[in-house]
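Worksheet for the structure shown next.
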Amino acid sequence: MLSVGGIVKKSQPSLFWCTRSLPKSEREAIYTLFAFCQHIDGIIHAPMSQHEKKDLLAAWKEELANIYDKGVPVTNIGRKIYKNCMRFDLPKSAWQQILDSVNLNAVAHLQAPDEKTFDKYVNGMAVVPIKLALSIVANQHPSANSELAKNLGRAVMVTSMLRDIKDDSKRDCLYIPAEILQQADIPIDTPRNVVENKNIGSARALFSEQAEACFKNAERLLNKMSKKDVMALRLIKNICLCQFEMMKKRGWDIISPKPKINYIKSLGIIYQTMFK
8 MLSVGGIVKK SQPSLFWCTR SLPKSEREAI YTLFAFCQHI DGIIHAPMSQ
58 HEKKDLLAAW KEELANIYDK GVPVTNIGRK IYKNCMRFDL PKSAWQQILD
108 SVNLNAVAHL QAPDEKTFDK YVNGMAVVPI KLALSIVANQ HPSANSELAK
158 NLGRAVMVTS MLRDIKDDSK RDCLYIPAEI LQQADIPIDT PRNVVENKNI
208 GSARALFSEQ AEACFKNAER LLNKMSKKDV MALRLIKNIC LCQFEMMKKR
258 GWDIISPKPK INYIKSLGII YQTMFK
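Following the numbering used here, the numbering of the sequence shown begins with 8 at its first residue and continues without gaps.
Spelled out as structure tokens, the structure:
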């Protein structure tokens, strides 16, 4: 079985190298957080029944109790959380928020959720993990951390939803909020029918406004923080912003192929993140 660092190196090598300058304790905690989020996200997309997914998520609630209340975790990732993350006083409620968000999409796929449900999903899947990461590497400014997590988490999440809209529709998922579809004059229908609607470009353009505003706020907040502490988050922001700008440039009516960052461009983003 791969170590938590090995999981990050295999799935996100750029992120792995951008965290190497962190102290070992912080680095291992970040890797553990990433491994947990990747594992939980995998439950959403796993080819298993809703009942099996529900059981897995219920088991993770028990594991959180094992970690925080009993001090005797039983899973590999649970043991890593206990070993690497507990020293940073990360609250049990934050991990629970991540699980609650997964529940919104794992048991029954989200399809044009209302804005309240969408906000809850984005908060647990993106905002809370970034807030936890900031608690590990930059805990001296909690109010700024919360604001950065809110903006960067939403920017990253909306960008991924815009990027993956066609693939998501094939899995009967549609993340664009119902209010935006109504504003674009698209009837609430099956995900595939919505994606094939002639007004989907208008809906994606409206949806993109959330990400664009959040990217600007995230950049402003990142510039106020220690470059070393938030280098990994800068890399995430820069990669997602590049994908966002590629989609915007070609037009929101075009949903495929997904934007791809070639090797040369990736090196440029890494260089910009680390040295500028």
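All C-beta atoms in this analysis are idealised placements derived from N, C-alpha and C, irrespective of residue type, glycine included.
Nearest-angstrom beta carbon gap, residue j and residue i [assumed within contact, 8 Å]
i: residue 22; j: residue 239; result: 6 Å
i: residue 229; j: residue 155; result: 7 Å
i: residue 137; j: residue 159; result: 6 Å
i: residue 212; j: residue 188; result: Not a contact, Cβ separation roughly 12 Å.
i: residue 135; j: residue 237; result: Their Cβ separation, rounded to whole angstroms, is 17 Å, which puts residue 135 and residue 237 out of contact at 8 Å.
i: residue 251; j: residue 214; result: That belief does not hold up - the Cβ atoms of residue 251 and residue 214 are roughly 11 Å apart, past 8 Å.
i: residue 104; j: residue 130; result: 7 Å
i: residue 151; j: residue 87; result: Incorrect: roughly 28 Å between the Cβ atoms, too far for contact.
i: residue 249; j: residue 163; result: So it is not a contact: roughly 12 Å between Cβ atoms.
i: residue 279; j: residue 245; result: 6 Å
i: residue 63; j: residue 110; result: Between residue 110 and residue 63 the Cβ distance is about 11 Å, and since that is not below 8 Å, they are no contact.
Coil, strand or helix - residue i by DSSP
i: residue 19; result: coil
i: residue 97; result: coil
i: residue 139; result: helix
i: residue 29; result: coil
i: residue 181; result: strand
Sub-8 Å separation of residue i and residue j beta-carbons
i: residue 114; j: residue 57; result: yes
i: residue 81; j: residue 91; result: no
i: residue 265; j: residue 171; result: yes
i: residue 51; j: residue 119; result: no
i: residue 25; j: residue 281; result: yes
i: residue 36; j: residue 125; result: no
i: residue 186; j: residue 122; result: yes
i: residue 106; j: residue 61; result: no
i: residue 38; j: residue 11; result: yes
i: residue 218; j: residue 166; result: yes
i: residue 28; j: residue 235; result: yes
i: residue 99; j: residue 128; result: no
Cβ neighbour criterion (16 or more within 10 Å) applied to residue i
i: residue 201; result: buried
i: residue 97; result: buried
i: residue 108; result: buried
i: residue 269; result: exposed
i: residue 161; result: buried
i: residue 257; result: exposed
i: residue 133; result: buried
i: residue 85; result: buried
i: residue 1; result: Because residue 1 is not part of the residues shown, which for the chain are 8 to 283, the question remains open.
i: residue 139; result: buried
Residue i: CB within 7 Å of a non-hydrogen atom of the ligand MN
i: residue 172; result: Inclusion of the ligand MN in the displayed structure is not the case, the ligand content being empty and no account of it being possible.
Residue closest to residue i, alpha-carbon to alpha-carbon, out of the options
i: residue 243; options: 11, 13, 19; result: 19
i: residue 198; options: 268, 191, 180; result: 180
i: residue 89; options: 235, 129, 32; result: 32
i: residue 175; options: 203, 194, 59; result: 203
i: residue 178; options: 83, 54, 111, 270; result: 54
i: residue 216; options: 254, 269, 141; result: 254
i: residue 263; options: 207, 279, 63; result: 207
i: residue 141; options: 127, 193, 157; result: 157
i: residue 47; options: 102, 17, 16, 77; result: 102
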